[in-house]
Amino acid sequence: MRFSKIGSLGLLHAVEPHRDWIVKSNVVRIDVVSTQAPPTPKGQRTRERIVQAAAELVAEKGAVAMSLDDVGSRAPASRSQLYHYFENKAALIRAVVNATSDAVLGAQDELLLGVADWSGIERWMDALVAIQVERQARGGCPLGSLAGQLAERDPEARAALAEGLGRWQDSIRGGLEALQARGQLRAEADPAALAAATIALIQGGLLLTQVRRDPQQLRSALDAGLTLLHAQAT
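Counted from 1, the sequence shown has number 32 at position 25 by our numbering; the numbering is strictly sequential.
Right under this line is the structure:
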């Protein structure tokens, strides 16, 4: 799946992070390219429209309250179309989870490529905070929001969320491994553990930012993460 990169935040000179990994007005905009795409362009567009409608409704109402009738009305799509592309509501929710994971990673892809050096890490962290400032600390992390709704209800959705967070973590780990390979991170440092700690700090910082409506909460969490990383620098 691939998400739209619509607009720019103007957060950094020469860097234009994308808007759509954070919910704005409780609506997520998705461009879906399914790994099991329908064989015709028309079918693919229909499936994309259904997943987009479901993502919007999950953001607005929550996964539990959303119904297939809601999705059909929003898409619009008939019941037969819904069941043609998705076995049941749970399958559609998992498609939303996978799409959301792609949004979170896709919106950061250029910045995450830069975490292979210290200045790139700081640019990425600054961009995350700037997004929260622009959002007025609303929306939180879409993956974190879905985890709160689904992790204890749907084991397959939980596994999909874990995979999405794992991909995010792997991107950070890859950058840290590049630093280590260049001798800028201690040989005994554990990039995987450092990446996991960084993700944990991001998630905690985003949650506190959302509930306190204060982007400084994420700034403090990321500053702690940067201190942790610099402690392993050579």
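Cβ atoms here follow ideal geometry from the backbone N, Cα and C, with glycine treated the same way.
Identify the residues that DSSP records as bridge partners of residue i: which are they?
i, result
"L192", "A240"
What whole-angstrom Cβ distance do residue i and residue j have, given they're in contact under 8 Å?
i, j, result
"A185", "A123", "4 Å"
"G232", "L208", "4 Å"
"V103", "L89", "Incorrect: roughly 13 Å between the Cβ atoms, too far for contact."
"V111", "P222", "With a Cβ gap of about 18 Å, V111 and P222 do not count as contacting."
"A240", "L192", "6 Å"
"A82", "A66", "Incorrect: roughly 15 Å between the Cβ atoms, too far for contact."
"R86", "E163", "Not a contact, Cβ separation roughly 23 Å."
"I206", "L172", "6 Å"
"A202", "R180", "4 Å"
"R52", "A84", "Rounded, the Cβ-Cβ distance is 11 Å, inconsistent with contact."
Once DSSP output is grouped into helix, strand and coil, what is the label at residue i?
i, result
"Q143", "coil"
"T107", "helix"
"A72", "coil"
"R101", "helix"
"P162", "helix"
"T234", "helix"
"D124", "coil"
"V39", "Caution applies to V39, whose pLDDT of 46 falls short of 50 and renders its modelled position unreliable; the value that the coordinates give is listed next. Coil at V39, not helix or strand."
"I29", "In this prediction, I29 has a pLDDT of 40, which is less than 50 and means its spatial position is unreliable; nothing more can be read from the coordinates."
"V34", "The predicted model places V34 with a pLDDT of 42, which falls under 50 and marks its position as unreliable, so this point remains unresolved."
Relative to the C-alpha of residue i, which residue among the options is closest?
i, options, result
"A134", "E55, L229, I206", "L229"
"S126", "L183, L64, K49", "L183"
"A204", "P222, Q187, R220, T234", "T234"
"N105", "A166, Q217, R219, P83", "A166"
"M132", "E117, A194, P83", "E117"
"A160", "L225, T53, R81, K96", "Sequence check: residue 160 is Arg here, not Ala. Among L225, T53, R81, K96, the Cα nearest to that of R160 belongs to K96."
"S178", "Q191, R189, P198, R193", "P198"
"P149", "R226, L168, Q143, V136", "L168"
"R2", "A84, G113, L215, Y92", "Since the displayed the chain opens at 8 and closes at 241, residue 2 lies outside it and no answer follows."
"Q156", "G69, L120, R52", "G69"
"R220", "S227, G113, Q143", "Q143"
"R54", "E94, G113, M73", "E94"
"Y92", "A238, L225, A202, P45", "P45"
"G151", "L75, S108, A196", "S108"
"R226", "A194, A188, A137", "A137"
"Q115", "L75, G50, A62, Q176", "Q176"
"A238", "S74, G211, A194", "A194"
"R174", "A188, M73, L119", "L119"
"Q7", "L236, V218, G147, K49", "Because the chain here runs from 8 to 241, residue 7 falls outside it and cannot be looked at."
"G147", "A62, G113, Q217, D76", "Q217"
What residue range is occupied by the uninterrupted alpha helix (DSSP H) comprising residue i?
i, result
"A204", "198-219"
"P48", "48-68"
"S152", "149-157"
"V78", "75-81"
"S87", "86-92"
With 8 Å as the threshold, decide whether the Cβ of residue i is near any Cβ in chain B.
i, result
"A202", "Among the protein chains of the structure shown there is no chain B, as only one such chain exists."
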